[in-house]
Every structure is written in structure tokens, then in C-alpha cells.
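What follows is the structure, given as C-alpha cells:
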């Protein structure tokens, strides 16, 4: 079966698994206070050019989003997000569960702009309304689109000007960096906090939170513990990130996934298949007649994104570090 | 100064104040367990034709909305509301503060429909998304529009069919009943819970919550106390509601306010002033050139609703049980 | 029937009611932004010798406790309180509902000490435990005991030293000031925030929150609104506090209540009735044989505090601004 | 260095790691909907003799406690726990963060009894107090003590009688079963929900929640997602539990840890070292003169439990599935 279901269907990249096996019987202090986590954090700081940044490791994306946003905001403060944002749709209201409104902004390509943020601010004033305080973006977005360096810088500009916290959910940060013109250091410079996603790029699990705004440092580990987000054998996260950050493996894996996605896109375009959105990264959104979708489902695994009209459906094809080139060719051959 | 700022600028209707004075030195048990509250609740049940309904008294609208919604929902459940709904905009995220997402629905006239609700339900499924469970409507709406009896019945239909709770914020319920074709009994029949607003219709303060769905009864007073929403001298609420529900005073007061608003509307229309929305109730939304607004502000008190375009602004004129006919004439004469 | 049930069984002192009647038909801006609230706040600042203090008005005690504590604390921060404290026992877990642990400290007389606080701090460290941050005291306490000026100062000392917020619940502050050696200015000097209780001392309802720590000022009204704690006709609170603070009426009312309580205490002692606690304020806790309690209940209204042993019960007698001297004599004559 | 720091210092038992490696490159659906999780759940149901039980997998103990308690309780409901309980002390107030009071009960051996529960119930009534609803126990307790089968049954009796939920935190359930007279089936019969701890007994991470009370089933996975507690590559949990539940490995590992602890205890007793508590499981709490503790720290790793008096300190020694017999002998030789 051709499998483009998602980028977290397999286990870990062999180098990651090997590192876990090699360190398995060591005895280390718990909760991420071990040397592996320190080394991984150091490696991240170096890649980011941010020697003072705080780095924390989590087991999953919803967990890190919820913990960070809950820790950073006061009860009356709210989040600004594109209505397609992961926290708006697919995290079961976890930000609201911790008490904060998420202001959903229409954004056809899944991306926020300074203009959108300004308009939210303009419509909020006085004690009868929440105070927008944190801007949540995801890169790549849930539609596979990518913020450019100058777009990031523009968001940084409005946030700095307006006293907003810029938070980037980098569940697919590797893919975003490979597909666009950004590097780790740009996120460190332009965001107050961002995550480096490991789960979707070769780890068994793991998201690293990088925080450069020192005002957000105090008592953060208290919040992590309160949210059940400190792993007892925390070193497992350090060991994995250390393995994948060595020798550029993290970007290599993303590059592979993106390359296959571009192939898919090229092949679909060549066959005249319309795409929901122009995605340069590892998620592709072709639109097919409903019967075609049914037929494809017999030989390939993928998710249905949304109905487009009564006769057509958009599906989502995701390539990953472990996807095979043949699968791309086989899928295109089905059409 | 002509005053159309809102319907809670004055104190209480004389009959209400008199009742408070007459009972002032009596000694009664606290927290609403007194006979005045029992009598007021009885009067409400009688008006509603709902002898089994639970009735609770609150001091304010945000308080009752927050307490009821927080009590009725489980952590994963969400509210469906028109994006103009009071809880969406002007209650500082109080529903989210208690952990629940509010799904904002576009609705140009401030009213939800079965179709809107169906579309929300259709787009929510699976454990990665919240479960829509409570439908919040306000009558009159924040735009002065009014649900008809058959519209209420249709909402009841979809809610009963889909296992949703229908909650009506009746901060201006008197105005809605006078302006439309509904009576207390329709709310009791079609809603699981609704409020009868006193603050905006002649009381010093007070909102009565009427609950007809017995599944929502248990432990509700625990929630009230937890939310700081049980008034120590609870009888003050009973005494006031008892006074205003006697001899139809509640509806008389709303009728007066609506009548003056209709006059205002008629006068404005006669002068060719465009209105933002066609409101049959005690809120009127004329659109004026910006200079006119500035000029009016010198002789009248009102709130600015929203800019319409660079040269025009919509203002809000609210009439109340204590508004004077002369003020209507004087305002129209200013134009 | 003799009535010592509590100090909120009657309505308002005549002077308060008169003020409400006199201002009833005035039109003022809502939400406490009117001149009556400003004047009442000014009067409080003057009494406190705290010209920069923030003053906010609430309708009830649980409401103000919950709102202030919820606004002041971050998610990982906790409250230190005597286990008899009102928030520990009789507010249905409202502080926990907003996310904060309340650390219950044994305190046989209902009072915290620097030593108790130090021992709580000593047993809390590291990210696996909450961070104690706010010290909640009530004066008078729930047992009728009273903090002296030097005790308050000592609490202030430890709090200042340890970066803790000292919050005093003054639901019966008048009684505490009359029974002890403190005045408004001491609370302003030694507490970061405290309340002046009106509900139990002659108002229909009303608690004033006085905040002297400027770090606690920002966005507080947002929290009030979010908690449903801004009264639409906010002036009702200003009008009442203004009336009761004029010419020392507030303290006069407390003095009357305390004097009657002292008489009760004297009479009980003269008859050899044991008392649960030595209370100098308006709550008295005599212990009677169970049969005596039953007999007394036929002619007097009061609450049972707690069983003491299988044959004896402690009851609570509360005197108020409106209690009659004859009732004291009649009660003692019953014994 | 001798290491008795805790039972989660090493990675996974070789058989567990092997299972992870063997399945690493398989492609499976995410979020625990794979066949490995189904098989592990089936194995647990079989061991428990509870074919209808729901089984959910989590990455950590705080996470499962928080998610289950938050899902099961309504806002006004509270938890009864021994004051030494993990949720009372070392989870940074995570239960309170989700809105629920935890009632701390003194219990010198860390165990609740029906009598303690009855006394909590007796002191809670009316809407001004929380409603105790869930009884939290841990087995083994945080002091290493163990509930017997008849003690569990007695707790079940009072809970069933009073409508309480009995929840057992089994972070060290293997150790409890080996040290006492209980088996999986007793927990399934006597508890509404309990956990089977993997992290402290040979897994990289993993706690299985077993729920037998069907009233607690609905929408639980929504709560898991909302709490950030669904692992994307959920199969990792299924694979590990499947490995450790095969051929009785889970109990074998606990048996090893307990046996070493008994040896330690025997050796300490032989040398006249007093113990804080009589623990039959894998945590041992000897009391030493402070100087001895300092000396021991040079050659062994362990945690300080608490000071006992000015000259003596209680330390905690934890043995694990991977502890070496020689370490026990070496430690005893140090004395």
C-alpha cells in the first residue's frame, strides 16, 4: 500500500534509535536534568546563534503549545491565530481549557500578516474585551505554506511594536526551513518562542521549545510539571535531539520529504490535477473527482482534507523522511 | 442632556424601590432561601406555565451566563454563538476562562439559524476537536433584532434532535417579547434554560435564570457559590422581581421603551437617515456623517457602535423604561 | 423570635437606603465609572492615608476573594491560609476553580503567624511543588478572633521579606477595628490588598477592595469583568459606601454589634457557659448541652457551629448593627 | 557510584527496547489506534479479568492523574487524598489547576481508610462547600506501604455506598502486587479506574489507565487530546506494554526490585538502623545521623526524604528492576 497518511507513521530514523539503544542502560538524573538534554540544548543554542536561549523538551505538539501559551498569558489575555491554525482546530480546545480565548482570523493561505494583527488590535479595547497578547503562527502552516524570512520579520516588527509575544509552532520547522529562506537563527531572532518539531521529522517523539525572550523564562518548568509535561526519563528527548541535530541530519530528513512532495506536485500538475493551495513543503493538497478519490483509496493511504464541491474532494498527501521515491511514482501512475 | 446611552443608567422603577424600602428591616435567611425569592420564583413559573422549572437569581448578566455555561458543559464541550453575541465580544472571555471554546458564527443580523448550527456540527468530529454542546442566543440580540416564535421553535428542533442545550440570554427579554410574538411560556417550552433580564428593565439589578431541562438541575447552587454568584442578602432579588412581575409591570416597562424606539426609528426614517439594521426593539442604530455625530454628541449622550466608512459612523440609541418622550422629539429636532 | 443568625439578615441601615432613594432617578454612566464611586473611593483613600491606592467595589465576599486571588496569581502559585479561612471552607473551592492550590494551615484560633508561613515556605521547593505566593487572612477571623496591629505588622514583615502578597479579607473589618487596635491606615500600610466589608455592616451589599501594591493594579478591571463582577449600575456601590463612610457611621455600626456581643459574652461567662474561643468581636461561640441547644432553638435563631463531644454542641451567636439590646437580655434569660 | 536514586534512572528493559527496534520501520495509524495498542489493551483486559474495561496509554504519571481526574469530576467536585499522596505534594498543583480542590487527609502510613473517608464526608455538606467525589490512593504509597486486598475491598465498599469514584495511582503497581496480596483483577474489581505503571518498572515511559466503570468512558479521548496526552506515535506505548506483559515480565521486574529492597531492609535492621516506616516494597526509608548521610553521599546516590530531628535525617533508597545485588551489599558495607 502506498502510504502518504502523515509524517509520523514510522518510528525513528535509525541514527536516533541507535543513540537510544547505545545509552539505554546508563543511569542519569530524571526530568531532563541530565547531560544529554544539556548537550542537545547547547546544540540548539549554537544553531540558533542564541547562547542565552532557554530550551525545553516536550513529548508532543499539543503539549508544548498548551504549556507555553498557558504559562505566558494572564487570565484576560488572548491569542491571535489563523483560523486554520492547529490550536484553533485540532487540539480539542486545549488553549481555551486553560482559560484563554483564541481569536480566529480568516487567512486563506493559513498565514497571518501584520495587517490582520492590526485589525484584531483595532477591534479590541476596554475591560469588557479580552486583550490580544500572543500571536500564534505555524511554520509550515497546516496548508503546507511557508512564511518567508521577510514575512517573519514583519510579524516580529508588529509584535515588538505592540508588545505582543510571537510564538511559532514548528511541528514541521525542518520542512519550512528547507522549503523557504529561513534558518534556525531567524526564528531565534524574530520569535519570542518557537518549537523545533522532532516527531514529524525522524524522532520517536519530541518537540524542542526555544525561548529567547527572557521575560518568559521564570518558573516555566513549574508549568511544565503542572501540565504533566516533564518526562521522567527526560534524557530520551535529549538523546534523540542530539542525534538528529548532528551533522545536519535534521535538515537532510526534511529535504528528502520536501523533494518527494515537489515531485508529487510536479506530477499532479503535469496531469492537470488542481491543487487547493500552492504548497512548497511536504504536504500536497490535490483535488480529485469523488470517484477518483474512492479509487485511489484502494491502493494508497491518505487523509481527506475537505469536500470542495458536490463532485470533488481535496485530499492531503504527506511525504516524510522515510517515504520512498517509488511510492511517488506509483501514486502518479494510478492517475 | 438627552440621554440614550443605555437602559441601565437610572436606578429602579419606583414600585421596585418601594418594595425594597418596605421590607428593609425584616430579618430573613440569606442566600436566596427566603420567602420573597420563593414567591418570585413561583410567579415566574406561573408566567412560564412551567411548574417544575428551577429558578435562580443573579446580580448580573455576565455572571449568569458564565455560571450556567460553566455548570452545564464538560471540559471538551463548546458553545455555538453568533459572532455578535455578548459572550463573544463583551464579557472579556469569561466562558473561555472557565475552559470552554466559543465557536463564533457569522450572522449579519445577530441571529443563529438551524442551518448555521448544522454547519458547525458538520465541521466538528473526532477527539481532536471540541464537541459543540450548547447553543447561545440572545433575545433581543445585540443588534436589536428579535427571534420570532417559529425561529425559536426551529432552534429548539435542531437542538433536541442533536442533543444540544439551547440557552437564551434574555438581558432584554421584555423588549423581545413586546417587539415580537413570543411570551414567557415559549422560552420555557423551547429553551433548556433562559434568563429574564431585570437590570435593563426597571430593577436595580437582577437576572432570573429559568431552567426547564431537569438534567441541568443538580448541584447548580454549588456552581453559583463557587462563582461568587450567590448574593448574601439574596432576598433583594426576590423582592425586586416580585415587584416588577406583579400586574404586568415588567412588560409595561418594555413596551414604553420599545414605543419610544419606534418613534425614533420613524423620525429617523422620515428624515432619510439610514439604519445599520432593522431593529424592532429598544436599540436603534442610525448612520450619520461623522460631523453630524460630533454635533449630536454636544447635546445627547449615546454610544458609538462602529465606523461604517471613512465618512460615516453608526451610533447606538437605547431607550429605556424611564426615557422621556420629549427626549425623542428633541433628538429628532437636532437633525 | 430572638435572632442571632448572622449579620446580614436585615436590609440596609436607614441612611444607606435613604441615599439610594435620593439618587434613584439620576442617570449615570455604568460599571462604577460614575462620580459616586469616585467619591466613595476618595473617602476610602483618605481614611486609609493612601492617596495612590486603587479601590474597586464588588457585590459579595466570595466574588472579591476569587477575583483578586485569581488576578494576582500565576498558574503555579498557591495561597497560604488558616484551615478555618473562609476560602478554605465555605466558598465551594472557588480559588481552586480558578486553578490555584490553597495550602490549609492548622491554626486553632484562626490566625496565621510568621512562623506558620515560614514553615510552609520551608516545605515547598522545586518545580514539582506549587510556589506559595499569597497569604490570605481574614479579620475578624471566622472564629471571631482579631489580629492586632503588631501581628499585622509581623505578617507584613515576613511577606515583604519573602516576596509574598498579603491579602486581608475584611468581610467584618469594622468589627475587627472596633475590637482591636487597628485602623484603616494599618491595613493600607501592612497589606498589599484588603477588603472593607459592607454587606455585614449596614449595606444592602458591597465589599470595597483596596489595593496599595501598584504591581497589582494593571488590568484588574478586565479580571472583574471576566469574573462577572462588575455591576452594571455600579453606582449603587458607590452611593452606599459613601453613605456609610460619612461621619464615622461604618465604625459606629460595628461598635454597636461588638458591644452587644460583649454583653452576651459577659452574661454567658457569668452563668458559667464555656466558650469555644475567646472572641472579642461580634461572633460568640458558647458551648451547651445538646438538650439546651434544642430548647434554645425554639425561641432563638442561630447557627450550629460544630459538635464538641457526644453531649455538647457549640453554637454561633452573631450580633449586628441592627441587633436589639433586649434580645441579648432575653437570650440570657433563657438560660 | 552506588545508585538508589529512583526506579527510573535507566532506559528500558532489553526486551522492551528490542520490541521497539523490531517494529521501528513499520507504518501504523497514529494516536494509539494501531494494533499494538489494541493487543496491549487486550492483554491487560485478560490479566484483569475485565473484558469490558477501557484501556488508555499515557507517557507519564502526572499526565494520567491530571487527565483522569479532570475528566471525571464536575467543577464543584473534589478529591480525597492522603496528605502524602503524589497529587498533593509533587505534581505542582495539577489537579487544582484543572479546577478541583484536593482534600488532604493526615495518614501517617500514607494510606486512606474508610473511616478517614467517612469523616471527610461528614464535614462536607451544602452548597457552600465542595462535594467530595473521587478517592485518590496510590499503591504502593509514596512511603512504600501497600494496601492489602481487604483494605482495597473496604475502600471499594465505602466508595460504592457513597457514590464515590475510587482511583488508584499504580505508578508502582508491580511492586505493590509483588509485596502484597493483590493481583490485577483486584484492582479491576475494586477500583473504578487505576493505572499500571510502566515508567518505574522497565519501560522507557508509559502508564496504562484501566477503567472499569462504564460511566467514565464517554469522551475520554477528547480529554486526553485536550490535555496534550495523546502521543502521535501512540504505538510506542502499545509495543512496550505488550513486551513487558508477556510471560509475566512485568511482575518479574517488580519482584527483583522488591527482593533487593528487602535485603537492604534486613541489613539495615541488623545494624540497628531505624526506619521511618515499615515498607515491604522497593522504597526504603532509613534514618541516619546527619554526618552519616553526608558520608554516604560520597559513595552513593539517593534522595533525602526529610529531616527527622536536628541531628538525624531520613533518606530514601529505591531499588529497581535494574539494580544490582552487589550495590546492596556495598551500601550495607558502608555503614
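Chains as they are written, first to last, in this note's numbering: chain C, 82 to 416; chain U, 82 to 416; chain Y, 82 to 416; chain X, 82 to 416.
Note that CB positions come from ideal geometry on N, CA and C, so glycine has one too.
Less than 8 Å between the beta carbons of residue 420 (chain Y) and residue 293 (chain Y), yes or no?
Any question about residue 420 (chain Y) goes unanswered here, given that chain Y covers just 82 to 416.
Count the other C-beta atoms from every protein chain shown that fall within 10 angstroms of the C-beta of residue 407 (chain C), then say buried if there are 16 or more, exposed otherwise.
By the neighbour-count definition (other C-beta atoms within 10 Å, threshold 16), residue 407 (chain C) is an exposed residue.
Please list, in chain order, the residues of the region 176-197 of chain X that have any C-beta partner in chain Y closer than 8 Å.
Along the region 176-197 of chain X, the positions whose C-beta sits under 8 Å from a C-beta of chain Y are 177, 178, 179, 180, 181, 182, 183, 185, read in chain order.
Residue-level contact to chain X via CB, residue 84 (chain C), 8 Å cutoff:
Yes - at least one Cβ of chain X is within 8 Å of the one on residue 84 (chain C).
Distance, Cα to Cα, residue 306 (chain C) vs residue 144 (chain X)?
When rounded, the separation of the alpha-carbon atoms in residue 306 (chain C) and residue 144 (chain X) is 9 Å.
List the residues of chain Y that residue 90 (chain U) touches, going by C-beta distances under 9 Å, in chain order.
Residues of chain Y passing the Cβ test: 107, 108, 109, 110, 111, 314.
Tell me, please, whether the CB atom of residue 172 (chain U) is closer than 8 Å to any CB atom in chain Y?
For residue 172 (chain U), a Cβ of chain Y is located within less than 8 Å of the residue's own Cβ.
State the Cα-Cα distance for the pair residue 205 (chain Y) and residue 211 (chain Y), rounded to the nearest angstrom.
Cα-Cα distance, rounded: 7 Å.
Rounded to whole angstroms, what is the Cα-Cα separation between residue 374 (chain Y) and residue 83 (chain Y)?
Rounded to the nearest whole angstrom, the CA to CA distance from residue 374 (chain Y) to residue 83 (chain Y) is 14 Å.
Residue 402 (chain X) at chain Y interface by Cβ criterion, 8 Å:
Using a Cβ-Cβ cut-off of 8 Å, residue 402 (chain X) does not count as an interface residue toward chain Y, since no Cβ of chain Y sits closer than that to its own.
What does the alpha-carbon distance come out to for the pair residue 66 (chain X) and residue 392 (chain Y)?
There is no way to answer for residue 66 (chain X), as the model of chain X reaches only from 82 to 416.
So, does the CB of residue 156 (chain C) fall closer than 8 Å to a CB anywhere in chain U?
At least one chain U Cβ lies under 8 Å of residue 156 (chain C).
For residue 387 (chain C), three-class secondary structure by DSSP
Looking at residue 387 (chain C) - three-state DSSP - the assignment turns out to be strand.
Ordered list of alpha helix (DSSP H) runs contained in the region 125-173 of chain X, each at least 4 residues:
Taking only runs of at least 4 residues, the alpha helix (DSSP H) segments lying wholly in the region 125-173 of chain X are 142-153, 167-170.
Mind listing which residues of the region 279-306 of chain U have their C-beta closer than 8 Å to chain X's C-betas, in chain order?
Cβ contacts with chain X come from 300, 302, 303, 304, 305, 306.
With DSSP as the reference, identify every bridge partner of residue 288 (chain X), one or two as the case may be.
Note: residue 288 (chain X) sits in a beta bridge opposite X:139, X:278.
Give a yes or no on contact between the region 226-238 of chain C and the region 327-346 of chain Y, applying the rule of three or more CB pairs nearer than 8 Å.
Cβ pair count under 8 Å is below three, so no.
Rounded to whole angstroms, what's the CA-CA distance from residue 184 (chain X) to residue 203 (chain X)? Just pull it up for me.
Computed Cα separation, rounded: 13 Å.
Over what stretch of residues does the beta strand (DSSP E) that includes residue 450 (chain X) continue unbroken?
Coverage of chain X is limited to positions 82 through 416, which leaves residue 450 (chain X) absent and any answer about it impossible.
Hey, would you say residue 338 (chain Y) sits closer than 8 Å to residue 264 (chain Y), going by beta carbons?
Pairing residue 338 (chain Y) with residue 264 (chain Y) gives a Cβ-Cβ distance that is not under 8 Å.
Consider the Cβ of residue 211 (chain C): report whether some Cβ of chain U lies at a distance smaller than 8 Å.
The Cβ of residue 211 (chain C) sits closer than 8 Å to at least one Cβ of chain U.
Sorted by chain position, which residues of the same chain lie with C-beta nearer than 7 Å to residue 281 (chain U)'s C-beta, five sequence neighbours on each side aside?
88, 89, 252, 253.
Of the residues that make up the region 143-167 of chain U, which ones have a beta carbon closer than 7 Å to any beta carbon in chain Y?
If the cut-off is 7 Å between Cβ atoms, the region 143-167 of chain U has 143, 144, 147 near chain Y.
Which residues in the same chain have their Cβ closer than 8 Å to the Cβ of residue 238 (chain C), if we skip the five residues on either side of it in sequence?
Only 195 meet the Cβ criterion.
Kindly say whether residue 251 (chain C), judged by its beta-carbon, lies nearer than 8 Å to any beta-carbon of chain X.
Not an interface residue.
Nearest to residue 357 (chain X) (by Cα), restricted to the options X:189, X:102, X:101, X:126
For residue 357 (chain X), the nearest C-alpha among the options comes from X:189.
By the 10 Å Cβ neighbour count, where 16 or more other Cβ atoms means buried, how is residue 174 (chain C) classified, buried or exposed?
Residue burial is scored here from C-beta neighbours: residue 174 (chain C) has at least 16 other C-beta atoms within 10 angstroms and is therefore classed as buried.
Supposed close pair residue 245 (chain C), residue 215 (chain C) - CB separation, criterion 8 Å:
Going by Cβ atoms, the distance from residue 245 (chain C) to residue 215 (chain C) rounds to 7 Å, so yes, they are a contact pair.
Segment limits, beta strand (DSSP E) that includes residue 209 (chain C):
Counting along the chain, residue 209 (chain C) sits inside no beta strand (DSSP E), nor does DSSP assign it H or E at all.
Using 10 angstroms around the beta-carbon of residue 380 (chain Y), count the other beta-carbons present and answer buried if the total reaches 16, otherwise exposed.
Around the CB of residue 380 (chain Y), fewer than 16 other CB atoms lie within 10 Å, so the residue is classed as exposed.
Give me, in chain order, the residues of the same chain whose beta-carbon lies closer than 6 Å to that of residue 354 (chain C); leave out the 5 immediate sequence neighbours on both sides.
Short of 6 Å from the beta carbon of residue 354 (chain C), and not among the five residues preceding or following it, lie these beta carbons of its own chain, in chain order: 367.
Answer with buried or exposed for residue 385 (chain Y), where buried requires no fewer than 16 other C-beta atoms within 10 angstroms of its C-beta.
Residue 385 (chain Y) comes out exposed.
Starting from residue 186 (chain U), trace the alpha helix (DSSP H) both ways and give me its first and last residue.
From DSSP, residue 186 (chain U) is part of no alpha helix (DSSP H) but of the beta strand (DSSP E) over 183-186.
Rounded straight-line distance, which links the Cα of residue 213 (chain X) to that of residue 158 (chain X)
Approximately 6 Å, taken between the alpha carbons.
Look at residue 297 (chain Y) and residue 269 (chain Y) and say whether their C-beta atoms are less than 8 Å apart.
Residue 269 (chain Y) sits away from residue 297 (chain Y), with the two beta carbons spaced by 8 Å or more.
Kindly indicate which three-state DSSP category residue 119 (chain C) falls into: helix, strand or coil?
Here residue 119 (chain C) sits in helix by DSSP.
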